[in-house]
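Participant: For reference, each letter of the sequence shown is one residue, going -20 to -1, 1 to 319 in mature numbering (1 follows the signal peptide of the UniProt record, and there is no 0). Ideal placement from N, C-alpha and C gives every residue a C-beta, glycine not left out. Below are the structure tokens for one structure; questions will follow.
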Amino acid sequence: MFRKLLSITVVAVLSLSASADDVKPSFADYAATLKQEALSKGYTTELVDAVFASLTFHERIVSADKSQPEFVETLSTYLPKRVSETRIKMARERYQQYLPELKIIGEKYGVQPRFIVALWGLESSFGRIMGGYSVPSALATLAYEGRRETFFKAEFFHALDILAQGHIVLDDMKGSWAGAMGQSQFMPSSFMAYAQDGDGDGKKDIWTNQLDVFASVANYLKQQGWDSNKTWGREVLLPKAFDSSHAIARGSLARGEWLGRWAQSERSLADWQALGVKRLNNTALPKRDLTAALILPDGEGGRAFLAYDNYKALMHWNRSYYFVTSVGYLADLIVAAEQ
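Here is the structure:
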């Protein structure tokens, strides 16, 4: 009996010990550990003290990350909301307002200005909606949450790099709840990889400087292989009983896998023509030496698009057929009145 009680007591103690080890540290304790890591990476004490004194845990960010809504959406319901008449009007106005600067930047990076404006409009409504969260606090909150700690810790330290380089001051480093920043809504890692000083003032300010925003957007696309001699794609008509296996198979995939499926779908416009694919107005496809992959955003029976190489660059920006299609549509509509 004594041995049995002893055994039960030992199991209970071990259980309590394991439970104690599993208790999550407070945000303050987590931040203290993160601070030591920041100091070990060589950031100045002044910067580290300022950033960590400002950190705030946002329960609302955790809730937003865990409960992102799942909409039953189709492309036909998505596009009118994202590419509304108001947004089209504003995009055309901004395009004309900044056209001299956009042309210079477009020529430098090899990107048509209309695509720069379309991404600007869709990401932040032309700089009007950038998010009001402190970027370091948002990223520290998400790292502490733990679901994607490695990713958000890396983004947090990239944010410190941006501050250390003097591109923005801490009080002005605002963004979305997920840490996307400025008028181009770059994550800190994207900022470090693609942000540009568009006006030569020594800073890369994607929050308030339009030239920096335009150059940064253009550089992102350039680095992803953008070709200014091509557009993004076109909506097409498929013949009845079309074999949907010719299209890129749907599903959430790593980029490498998705590019593999792109390669399987890619054909010349002449080959698509031979398969019965036509323009939306039921005429023959252009007689150009181009290749394209077939995209069915809503699956078999939905709207169909032939996507050119530039579509891949936009899919690197945001791997969503709906988003990329909205960029293409808005870019086309910006200059539709000129054609």
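#1: Have a look at M295 and A30 and give me their C-alpha separation to the nearest angstrom.
#2: Going residue by residue through the segment 277 to 318, where are the continuous beta strand (DSSP E) segments of at least 3 residues, counting only ones entirely within it?
#3: Give the secondary structure of A8 by DSSP, where H, G and I count as helix, E and B as strand, and everything else as coil.
#4: Buried or exposed for G279, please, with buried defined as at least 16 other CB atoms from any protein chain shown within 10 angstroms of its CB.
#5: DSSP on S64, reduced to helix/strand/coil?
#6: Within 10 angstroms of the Cβ of N189, are there 16 or more other Cβ atoms? Answer buried if so, exposed if not.
#7: Spatial neighbours of W206 within its chain, please: CB distance less than 7 Å, with the 5 preceding and 5 following residues excluded, ordered by chain position.
#8: Could you check if Q165 is buried or exposed, using at least 16 other CB atoms within 10 Å of its CB as the buried criterion?
#9: Taking just the CA atoms, how far does S208 sit from Y288?
#10: Measuring straight from C-alpha to C-alpha, what distance separates R283 and F95?
#11: So, at 6 Å on beta carbons, what are the nonlocal neighbours of R241 in its own chain, with the 5 sequence-adjacent residues on each side left out?
#12: Find the nearest neighbour of L313 within the set W252, E73 and A12, judged by alpha-carbon distance.
#13: In this structure, does DSSP put K184 in helix, strand or coil?
#14: Can you list, in chain order, the residues of its chain whose CB lies under 6 Å from that of V149, leaving out five sequence neighbours each side?
#15: Which of helix, strand or coil does DSSP assign to M153?
#16: Would you say R40 lies against chain C (beta-carbon separation less than 8 Å)?
#17: Which whole-angstrom value is the C-beta distance of S224 and L276, which I expect to be below 8 Å?
#18: Do you know how far the Cα of L265 is from the Cα of A254?
#19: Would you kindly work out how many angstroms separate the C-alpha atoms of E129 and P93, rounded to a whole number?
#20: For A234 and R299, I'd like the C-alpha separation in whole angstroms.
#21: Helix, strand or coil: which one does DSSP assign to T271?
#22: In the DSSP assignment, what residue or residues form a beta bridge with L55?
#23: Given Q176, which residues of its chain have a CB within under 7 Å of its CB, disregarding the five upstream and five downstream residues?
#24: Enumerate in chain order the residues of its own chain whose CB-to-CB distance from Y58 is below 6 Å, with the five nearest sequence positions on each side excluded.
#25: Mark L(-7) as exposed unless 16 or more other C-beta atoms lie within 10 angstroms of its C-beta, in which case mark it buried.
#26: I'd like the list of long-range same chain contacts for G101, defined as Cβ closer than 8 Å, with 5 residues on each side in sequence excluded.
Facilitator: Taking the structure as given:
#1: For the purposes of this step, residue 295 is taken as the residue at position 315 of the sequence shown. For the purposes of this step, residue 30 is taken as the residue at position 50 of the sequence shown. CA-to-CA, the gap between M295 and A30 works out to about 37 Å.
#2: DSSP runs (the beta strand (DSSP E)) wholly in the segment 277 to 318: 284 to 287.
#3: Within the sequence shown, residue 8 is the residue found at index 28, counting from 1. Three-state result, A8: helix.
#4: Walking along the sequence shown from the start, residue 279 turns up at place 299. Exposed.
#5: For the purposes of this step, residue 64 is identified with residue 84 of the sequence shown, where counting begins at 1. Residue state for S64 is assigned as coil, using DSSP reduced to three classes.
#6: Reading the sequence shown from its first residue, position 209 is the one you call residue 189. It counts as buried.
#7: Here residue 206 refers to the residue found at position 226 of the sequence shown. Hits under 7 Å: G90, V91, N290 and A293.
#8: On the sequence shown, residue 165 is found 185 positions in, with the first residue counted as 1. For Q165, the number of other beta carbons within 10 angstroms of its own is at least 16, and it is reported as buried.
#9: In the sequence shown, residue 288 corresponds to position 308, counting from 1. In the sequence shown, residue 208 corresponds to position 228, counting from 1. When rounded, the distance between both Cα atoms is 12 Å.
#10: Working through the sequence shown from its first residue, we reach residue 283 at position 303. Working through the sequence shown from its first residue, we reach residue 95 at position 115. For R283 and F95, the distance between alpha carbons rounds to 22 Å.
#11: Numbered from 1 along the sequence shown, position 261 holds the residue referred to as residue 241. Cβ-Cβ distances below 6 Å link R241 to I228 and A229 in the same chain, with the five nearest sequence neighbours on each side left out; the list follows chain order.
#12: Walking along the sequence shown from the start, residue 313 turns up at place 333. Considering only alpha carbons, the answer is E73.
#13: Sequence index remark: in the sequence shown, residue 184 carries index 204 (1-based). Assignment of K184 by DSSP, reduced to helix, strand and coil, places it in the coil class.
#14: Position 169 of the sequence shown, counting from 1, holds the residue named residue 149. Result list for V149: empty, nothing under 6 Å.
#15: The residue you call residue 153 lines up with position 173 of the sequence shown. M153: coil per DSSP, three-state reduction.
#16: In the structure shown, chain C cannot be found, because there is only a single protein chain.
#17: Locating residue 224 in the sequence shown gives position 244, where the first residue counts as 1. Locating residue 276 in the sequence shown gives position 296, where the first residue counts as 1. Contact between S224 and L276 holds, with the beta-carbon distance rounding to 7 Å and staying under 8 Å.
#18: Locating residue 254 in the sequence shown gives position 274, counting from the first residue. Locating residue 265 in the sequence shown gives position 285, counting from the first residue. Taking the straight line joining both Cα atoms gives about 10 Å.
#19: Here residue 129 refers to the residue found at position 149 of the sequence shown. Here residue 93 refers to the residue found at position 113 of the sequence shown. Distance between the alpha carbons of E129 and P93: 37 Å.
#20: Numbered from its first residue, the sequence shown carries residue 234 at position 254. Numbered from its first residue, the sequence shown carries residue 299 at position 319. One Cα belongs to A234, the other to R299, and the distance between them is close to 10 Å.
#21: Along the sequence shown, read from residue 1 onward, the residue named residue 271 stands at position 291. Strand at T271.
#22: In the sequence shown, the residue the question calls residue 55 occupies position 75. None, per the DSSP bridge assignment.
#23: Residue 176 sits at position 196 when you count from the first residue of the sequence shown. Excluding positions up to five away in sequence, the list reads K184, D192, A195, S196 and N199.
#24: In the sequence shown, residue 58 corresponds to position 78, counting from 1. Once the five neighbours on either side are set aside, the close Cβ partners of Y58 are Y302.
#25: Residue -7 sits at position 14 when you count from the first residue of the sequence shown. Legend: pLDDT at L(-7) = 44, less than 50; position of this residue unreliable, value from coordinates given subsequently. By the beta-carbon neighbour count (other beta carbons within 10 angstroms, threshold 16), L(-7) is exposed.
#26: Sequence index remark: in the sequence shown, residue 101 carries index 121 (1-based). Closer than 8 Å at Cβ, skipping near neighbours: R67, M70, A71, R74 and L310.
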